[in-house]
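S.K.: Going by the numbering used here, the first residue of the sequence shown is number 209, and it counts up by one from there.
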Amino acid sequence: MILLTALLAAGIALAVAAPAVLSRVDFTGAPIVGMMAWLGAVAATIGCGVLALIALAWPGDPPGNIAAGKLVESLAAVEPTVVTWTAGLIMPVAVIGAILPTGQLARIAIGHRGRGAALRRRHRALVEIVGRVDVAGAKLVRLEHPVPLAYSVAGRGGYVVVTDGLERCLDDAQWRAVLAHERAHLRGFHHHILGACQVLARAFSWIPLFAAAPAAVATLIEFAADRAAAAATDPRALSGALRTVASHGASRSAPLGLIDESLARRLECLSAAPDSRSSSRRTAGLMLVATMSLAPIASVIAVGLSAALVRWLVV
Numbered sequence: 209m210i211l212l213t214a215l216l217a218a219g220i221a222l223a224v225a226a227p228a229v230l231s232r233v234d235f236t237g238a239p240i241v242g243m244m245a246w247l248g249a250v251a252a253t254i255g256c257g258v259l260a261l262i263a264l265a266w267p268g269d270p271p272g273n274i275a276a277g278k279l280v281e282s283l284a285a286v287e288p289t290v291v292t293w294t295a296g297l298i299m300p301v302a303v304i305g306a307i308l309p310t311g312q313l314a315r316i317a318i319g320h321r322g323r324g325a326a327l328r329r330r331h332r333a334l335v336e337i338v339g340r341v342d343v344a345g346a347k348l349v350r351l352e353h354p355v356p357l358a359y360s361v362a363g364r365g366g367y368v369v370v371t372d373g374l375e376r377c378l379d380d381a382q383w384r385a386v387l388a389h390e391r392a393h394l395r396g397f398h399h400h401i402l403g404a405c406q407v408l409a410r411a412f413s414w415i416p417l418f419a420a421a422p423a424a425v426a427t428l429i430e431f432a433a434d435r436a437a438a439a440a441t442d443p444r445a446l447s448g449a450l451r452t453v454a455s456h457g458a459s460r461s462a463p464l465g466l467i468d469e470s471l472a473r474r475l476e477c478l479s480a481a482p483d484s485r486s487s488s489r490r491t492a493g494l495m496l497v498a499t500m501s502l503a504p505i506a507s508v509i510a511v512g513l514s515a516a517l518v519r520w521l522v523v
C-alpha cells in the first residue's frame with residue numbers, strides 16, 4: 209500500500225501539475241529540452257500508472273514496498289489492516305484498471321494508424337498525378353501552384369512537398385533553409401512524436417497532461433526544426449523565408465507545415481542574440497529538472513499524509 213500510494217501520488221501530480229508548470233516555461237531557446245520535458249512527463253505518468261497497477265495486483269509485498277515501509281513505519285504498522293479491509297476489491301480493481309485503459313488506447317492507436325496510412329496513400333497517389341519528382345532534390349516533390357507552400361509527409365519513404373510559387377518568391381539561401389526545415393521534421397521523426405501525443409490525447413482527454421501535450425509539442429517541434437535549419441543554413445535566410453511565405457497569405461496546409469500559429473515567436477527566436485538563446489537554454493534545463501521533481505516530492509508528501517490519516521482512522 210505504501211508503494212501504491214506513492215506511485216498514485218506521483219502520477220496524479222504529474223498529470224495535473226506538469227502541464228500548468230510546463231506551459232509557463234519558455235522553451236523557445238531549447239525546444240529539444242522542452243520536448244523532453246513534455247514527453248518525459250507523459251512517459252512518467254504512464255509509468256506510474258502501470259507500476260501502480262502492478263503493485264496493486266502483486267501477490268504479497270511488491271518489490272520496493274518493504275524498503276518504503278522502513279521509511280514510514282507508522283503506515284507500515286497499519287498497512288495489514290487496510291489490506292484486510294480492501295482484499296476483496298484489490299484484484300477486480302487491478303484487472304479493470306489494466307484492461308479498460310489498454311483497450312481504449314489500442315482502439316484509438318489502431319484507428320489513428322489506419323487513417324494516417326490511408327491518408328498518406330491517397331496523398332501519394334494524388335501527388336504522383338499532379339506533382340513531379342525533383343531529380344536533383346532527394347525526396348522532393350514539386351507541385352505547380354502559385355501559393356507558396358512547403359510541408360513534409362512522413363511514413364516509409366518520407367518526402368517534402370513544395371510548390372512552384374514557393375520557389376519563385378524565395379532566393380537560393382531561403383529556399384535551402386525551407387528545405388532544411390522540412391527535412392529536419394523527417395529526420396527527427398516529428399510526425400510520429402506528434403501522432404503518439406495525439407493518440408494519448410484522444411484516448412485520455414480527461415487527463416490534463418495528455419490533453420495539453422499535442423499543441424505544446426507541435427509548437428516545440430517547429431522551434432526544433434527551425435533551429436536545425438538555422439544551424440545548417442542561416443537564421444536570417446530562414447527568417448526571411450518565413451516572413452515572405454506569411455506575407456503571401458499562405459495558410460497551414462498540413463500538420464507540421466511551414467507556417468503555424470507560433471510564427472511570431474519563431475521569428476523572434478531566430479532573430480535573438482546567441483547569448484540570449486544560451487540563457488533561455490539554461491532556464492529551460494533548470495525548469496526540466498524542477499518539473500521532474502514533482503513526482504518524487506508528491507510521493508513523499510502523499511505517503512506522509514497517508515500515514516497520518518490511516519493511523520488516525522485505525523487508532
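Ideal Cβ placement from N, Cα and C applies to all residues, glycine included. Values in this document were obtained by computation on a predicted structure and should not be read as measured data.
Here's a check: name, in chain order, each residue in its chain whose Cβ is nearer than 6 Å to the Cβ of Val224, leaving out the five neighbours to either side.
M.R.: Only Pro416 meet the Cβ criterion.
S.K.: With DSSP collapsed to three states, give me the class of Arg237.
M.R.: Reading off the sequence shown, one finds Gly at residue 237, where the question assumed Arg. In this structure, Gly237 counts as coil in the three-state DSSP scheme.
S.K.: For Leu261 versus Tyr359, is the C-beta spacing smaller than 8 Å?
M.R.: No, the Cβ-Cβ distance between Leu261 and Tyr359 is not below 8 Å.
S.K.: Tell me, to the nearest whole angstrom, how far the beta carbon of Cys377 is from that of Thr441; I am working on the premise that it is less than 8 Å.
M.R.: About 17 Å separates the two Cβ atoms, so there is no contact after all.
S.K.: For Arg395, name the three-state secondary structure that DSSP assigns.
M.R.: In this structure, Arg395 counts as helix in the three-state DSSP scheme.
S.K.: Name the residue from Leu348, Arg391, Val355 whose alpha carbon lies nearest to the alpha carbon of Leu374.
M.R.: Among Leu348, Arg391, Val355, the Cα nearest to that of Leu374 is on Val355.
S.K.: Evaluate Val524 with the Cβ neighbour count: other Cβ atoms within 10 Å of its Cβ, from every protein chain shown; 16 or more gives buried, anything less gives exposed.
M.R.: Outside the displayed span of the chain (209 to 523) sits residue 524, for which this structure offers no information.
S.K.: Tell me which same chain residues have a C-beta within less than 7 Å of the C-beta of Leu478, skipping the five on either side of it?
M.R.: Closer than 7 Å at Cβ, skipping near neighbours: Asp434, Ala438, Pro443, Leu446, Ser447.
S.K.: Between Ala454 and Leu471, how many whole angstroms is the CB-CB distance? I'm expecting something under 8 Å.
M.R.: Correct: roughly 6 Å between the Cβ atoms.
S.K.: Rounded to whole angstroms, what is the Cα-Cα separation between Val280 and Gly257?
M.R.: Residue placement at Val280 cannot be trusted, given a pLDDT of 47 that sits under 50; the coordinates are not used to answer.
S.K.: Can you round the beta-carbon distance between Thr236 and Arg473 to whole angstroms, since I take them to be within the 8 Å contact cut?
M.R.: Correct: roughly 6 Å between the Cβ atoms.
S.K.: Under three-state DSSP, which class holds Leu428?
M.R.: Of the three classes helix, strand and coil, the one that applies to Leu428 here is helix, per DSSP.
S.K.: Check for me: the alpha helix (DSSP H) holding Leu471 runs from which residue to which?
M.R.: Looking at the DSSP string, the run of the alpha helix (DSSP H) that includes Leu471 is 471-479.
S.K.: Let me check one thing: in DSSP terms, what residues is Ser360 bridge-paired to?
M.R.: Ser360 pairs with Val368.
S.K.: Can you grab the Cα-Cα spacing for the pair Val290 / Gly255, in whole Å?
M.R.: Low confidence applies to Val290: its pLDDT is 49, below 50, so where it sits in the model is not reliable, and the reading given next is rough at best. Distance between the alpha carbons of Val290 and Gly255: 25 Å.
S.K.: How far does the beta strand (DSSP E) with Val341 in it reach, from first residue to last?
M.R.: Start and end: 339-341.
S.K.: Measuring straight from C-alpha to C-alpha, what distance separates Val335 and Ala381?
M.R.: Roughly 26 Å between the two C-alpha positions.
S.K.: May I ask which residues mark the beginning and end of the beta strand (DSSP E) holding Arg350?
M.R.: Its beta strand (DSSP E) spans residues 348-351.
S.K.: Buried or exposed for Val161, going by 16 or more other Cβ atoms inside 10 Å?
M.R.: Not covered by the structure: residue 161. The range shown for the chain is 209 to 523.
S.K.: Am I right that Leu328 and Val361 are in contact with their C-beta atoms under 8 Å? What's the rounded C-beta distance?
M.R.: In the sequence under discussion, the amino acid at residue 328 is Arg, which differs from the Leu named in the question. Rounded, the Cβ-Cβ distance is 6 Å, consistent with contact.
S.K.: Per DSSP, what kind of secondary structure is Val355 in: helix, strand or coil?
M.R.: Coil.
S.K.: Anyone know if the C-beta pair for Ala449 and Val386 falls short of 8 Å?
M.R.: The answer is yes: Cβ separation under 8 Å.
S.K.: Using a Cβ-based criterion (distance less than 7 Å to any ligand heavy atom), does Phe412 qualify as near the ligand SAH?
M.R.: Looking at this structure, you won't find the ligand SAH or any other ligand, since it has none at all.
S.K.: Taking buried to mean at least 16 other C-beta atoms within 10 Å of its own C-beta, is Leu283 buried or exposed?
M.R.: Its pLDDT being 48, under 50, Leu283 is placed unreliably by the model, and nothing is read from it.
S.K.: Could you say which of Ala480, Val250, Ile240, Ala325 lies nearest to Pro227 if we only look at CA atoms?
M.R.: Among Ala480, Val250, Ile240, Ala325, the Cα nearest to that of Pro227 is on Val250.
S.K.: How many Å lie between Ala419 and Arg410 at the Cα?
M.R.: Distance between the alpha carbons of Ala419 and Arg410: 8 Å.
S.K.: Taking the CB atoms as reference points, tell me whether Asp372 and His353 lie closer together than 8 Å.
M.R.: Against a cut-off of 8 Å, the Cβ pair of His353 and Asp372 comes out as a contact.
S.K.: Does DSSP put Ile262 in a helix, a strand or coil?
M.R.: It is helical.
S.K.: On a CA-only basis, which of Glu469, Glu430, Asp468 is nearest Ala238? Give me that one, please.
M.R.: The candidate whose alpha carbon is nearest that of Ala238 is Glu430.
S.K.: Using the C-alpha atoms, what's the distance from Asp234 back to Thr253?
M.R.: Rounded to the nearest angstrom, the two C-alpha atoms are 22 Å apart.
S.K.: If you follow the alpha helix (DSSP H) that His441 is part of, which residue opens it and which one closes it?
M.R.: One point to set straight first is that residue 441 is Thr, not His, in the sequence displayed. From DSSP, Thr441 is part of no alpha helix (DSSP H); its letter is neither H nor E.
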